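Scroll down for the structure; my scribbles are underneath it.
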Amino acid sequence: MSPKNELDHYIVNGGKPLMGEVSIGGAKNAALAILAASIMTDETVTIENVPDVRDTNAMMEAMEGIGVRIKRLDRHTVEINGSQVENVNIDTENIRKIRASYYLLGALLGKYRHAEVPLPGGCDIGSRPIDQHVKGFKALGAKVSIKGGVMKATAEQLLSAHIYMDVVTVGATINVMMASVMAEGKTIIENAAKEPHVVDVANFLNSMGANIKGAGTDIIRIKGVDRLHSCTYSVIPDQIEAGTFMYAAAITGGNILIKNVIPKHLESISAKLEEMGCHIEEFDDAVKVSSFGKLQSTNIKTLPYPGFPTDMQPQAGVALALAEGVSTITESIFENRFKYVDELIRMGADIRVEGNTAIIEGTDGFSGAHIQAPDLRAGAALVLAALAADGTTYIDDIHFIERGYEDFDKKIRDLGGDIKKTADIKTAVKKAKYKLIS
Ligand code: UD1
Numbered sequence: 006m007s008p009k010n011e012l013d014h015y016i017v018n019g020g021k022p023l024m025g026e027v028s029i030g031g032a033k034n035a036a037l038a039i040l041a042a043s044i045m046t047d048e049t050v051t052i053e054n055v056p057d058v059r060d061t062n063a064m065m066e067a068m069e070g071i072g073v074r075i076k077r078l079d080r081h082t083v084e085i086n087g088s089q090v091e092n093v094n095i096d097t098e099n100i101r102k103i104r105a106s107y108y109l110l111g112a113l114l115g116k117y118r119h120a121e122v123p124l125p126g127g128c129d130i131g132s133r134p135i136d137q138h139v140k141g142f143k144a145l146g147a148k149v150s151i152k153g154g155v156m157k158a159t160a161e162q163l164l165s166a167h168i169y170m171d172v173v174t175v176g177a178t179i180n181v182m183m184a185s186v187m188a189e190g191k192t193i194i195e196n197a198a199k200e201p202h203v204v205d206v207a208n209f210l211n212s213m214g215a216n217i218k219g220a221g222t223d224i225i226r227i228k229g230v231d232r233l234h235s236c237t238y239s240v241i242p243d244q245i246e247a248g249t250f251m252y253a254a255a256i257t258g259g260n261i262l263i264k265n266v267i268p269k270h271l272e273s274i275s276a277k278l279e280e281m282g283c284h285i286e287e288f289d290d291a292v293k294v295s296s297f298g299k300l301q302s303t304n305i306k307t308l309p310y311p312g313f314p315t316d317m318q319p320q321a322g323v324a325l326a327l328a329e330g331v332s333t334i335t336e337s338i339f340e341n342r343f344k345y346v347d348e349l350i351r352m353g354a355d356i357r358v359e360g361n362t363a364i365i366e367g368t369d370g371f372s373g374a375h376i377q378a379p380d381l382r383a384g385a386a387l388v389l390a391a392l393a394a395d396g397t398t399y400i401d402d403i404h405f406i407e408r409g410y411e412d413f414d415k416k417i418r419d420l421g422g423d424i425k426k427t428a429d430i431k432t433a434v435k436k437a438k439y440k441l442i443s
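Going by the working numbering, the first residue of the sequence shown is number 6, and it counts up by one from there.
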């Protein structure tokens, strides 16, 4: 939980279409894995385009806690040296909070043949098993045990393996890839995840001297190398931050040029916006989304890449709640990702959840309410709803949103949205009530 007196609430006055330009930062999920992987060499690595968000900062603090030297050259560039790691047992309050802590298992195991890391926290979006990570580490010859919430993996020698992933998982694909870059022989990961950040981590490891082929397809081949070396690497743009601003244009009836993106990574996100009636223009490293009038209903199913990302599901749900007609969203990755629905219903949405499907009857508009951000992406989606709503919305627990969005409120203000942070939501709500009565 965020400390008291922190600016942990947003006050949003809705009704203004977002217009203008926004620049997208580095991908949080790629950066987290790349930061962990950077300790796999004793030489100094420079990583550029690291987003300044709570999760990346928690990861770097945890790394510093085990002796990794980190120098921040500017807000988004860090120099990392993992030659002084004193301890492969990471147990800090911070690391328990972030899901991606498990990447330190793959990185430490790959380099030191030993790692002890508390099991992941992160967003409560459903049960998040780690059986495929364990299966992969064991296949490489590691002994794995879980005690008191801590996973311990040790190996005298890491050997190559042929690993078939029973489910498509980003986390286990990246983790096993990291653990195997310095294993003896040739490792094959079948049914690998193809997400852009899987490719980015493979490219980063290759820049450090690894020999990984096939990332971005469902078969990844890794030939073990003796050692990794220094490099300078720039993290790819964040697909989900970009997608969130694309949906912000749709939801508020606006027009936004979203710069510093890889349009190829946004294809499924754009396709659904076009079905909803938005106009998308693609440039080399930008997309422009324009929304005209009422959105149209459509059906969405979340799938592994290149399918529609589960991390964009709440933002799409908010858009469809404002569309003409009935839409459905089927969530096939995480079972607990409809937690924004109750909050949205309080703002006037008409949504029924049956199992892993939401049936959404479009309404004419939302009205402001006092709501709570239930998790990272759902929280961002509710901010978009608030921007489109009639009146004022008070949003609690924005520390979830800050886990993955850098300067979210500032970027929205630059696009003309009326949003501010506050530490004292009670007084703001009381004042608003007083105004209504008087
Ligand atoms: C990552 C992202 C998260 C995104 C998700 C899916 C990070 C830090 N987080 O999470 O934002 O929503 O990818 O794109 O990068 N599974 C198993 N066994 C395992 C591992 C996963 O059954 O060992 C299942 C999960 O329950 C889920 C599916 O596989 O149903 C996908 O999970 P995975 O891709 O691993 O998600 P994360 O890496 O945790």
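We treat Cβ as the ideally placed atom computed from N, Cα and C, and that holds for glycine. It should be emphasised that the depicted structure is a prediction, and the values quoted were computed from it without experimental measurement.
Supposed contact pair residue j and residue i - C-beta distance, whole angstroms, cut 8 angstroms
i      : j      : result
Ala393 : Gly146 : Going by Cβ atoms, the distance from Ala393 to Gly146 rounds to 54 angstroms, so no, they are not a contact pair.
Arg342 : Gln318 : 6 angstroms
Tyr15  : Ile400 : 4 angstroms
Phe413 : Leu381 : Contact doesn't hold; Cβ gap of about 11 angstroms is too wide.
Glu200 : Tyr107 : At roughly 16 angstroms, the Cβ-Cβ gap does not stay under 8 angstroms, so Glu200 and Tyr107 are not in contact.
Ile430 : Ile424 : Their Cβ separation, rounded to whole angstroms, is 14 angstroms, which puts Ile430 and Ile424 out of contact at 8 angstroms.
Thr257 : Ala326 : The Cβ separation is near 13 angstroms, so there is no contact.
His202 : Asn34  : 5 angstroms
Val55  : Ala67  : Their Cβ separation, rounded to whole angstroms, is 15 angstroms, which puts Val55 and Ala67 out of contact at 8 angstroms.
Ile194 : Met182 : 7 angstroms
Gly370 : Lys21  : Not quite, the Cβ-Cβ distance comes to about 14 angstroms (not below 8 angstroms), so this is no contact.
Beta-carbon proximity of residue i to residue j, cut-off 8 angstroms
i      : j      : result
Thr303 : Glu336 : no
Ala291 : Ile261 : no
Leu278 : Gln244 : no
Ile85  : Ser43  : yes
His375 : Val434 : yes
Gly115 : Ala177 : no
Ala363 : Val346 : yes
Ala428 : Thr397 : no
Thr46  : His234 : yes
Leu349 : Ala391 : no
Ile334 : Gly322 : yes
Glu411 : Val58  : yes
Ile168 : Ala144 : yes
Gly248 : Gln301 : no
Ala198 : Thr159 : no
Arg118 : Glu161 : yes
Ile453 : Thr307 : A question about residue 453 goes unanswered here, because the residues of the chain that appear run from 6 up to 443.
Met170 : Leu124 : no
Ile71  : Val90  : yes
Pro242 : Asn211 : no
Glu64  : Ala41  : What sits at residue 64 in the sequence shown is Met, not Glu. For Met64 and Ala41, yes; Cβs fall inside 8 angstroms.
Ser275 : His284 : no
Gly384 : Glu246 : no
Val83  : Met213 : no
Lys191 : Lys228 : yes
Ala1   : Ala255 : Because the chain is modelled from 6 through 443, residue 1 falls outside the range shown and cannot be assessed.
Ile39  : Tyr238 : yes
Leu23  : Leu420 : yes
Leu163 : Glu121 : no
Residue i: CB within 7 angstroms of a non-hydrogen atom of the ligand COA
i      : result
Gln320 : For the structure depicted, the ligand COA is absent and the ligand set comprises only the ligand UD1.
Secondary structure of residue i, DSSP reduced to three states
i      : result
Arg48  : In the sequence on display, residue 48 carries Glu and not Arg. DSSP places Glu48 in coil when its eight states are reduced to three.
Pro201 : helix
Arg351 : helix
Ser239 : strand
Gln162 : coil
Leu124 : coil
Leu37  : helix
Val230 : coil
Glu11  : coil
Glu26  : strand
Lys21  : coil
Gly259 : coil
Ile356 : strand
Gly31  : strand
Ile151 : strand
Lys2   : The requested residue 2 does not occur in the structure, where the chain is confined to residues 6 to 443.
Ile135 : coil
Lys157 : strand
Ser443 : Legend: pLDDT at Ser443 = 37, less than 50; position of this residue unreliable, no value from coordinates given.
Runs of beta strand (DSSP E) lying entirely within the region 275-337, each at least 3 residues, in chain order: 284-287, 291-295, 304-306 and 331-335
Runs of beta strand (DSSP E) wholly within the region 410-437 (minimum 3 residues, chain order): 423-427
Alpha helix (DSSP H) segments (min. 4 residues) lying fully within the region 50-113: Within the region 50-113, the alpha helix (DSSP H) runs of at least 4 residues that lie entirely inside it are, in chain order, 59-70 and 98-102.
Segments of 4+ residues assigned as alpha helix (DSSP H) that fall wholly inside the region 360-403: 381-393
Uninterrupted beta strand (DSSP E) stretches inside the region 169-219 (no shorter than 3 residues): 191-195 and 216-218
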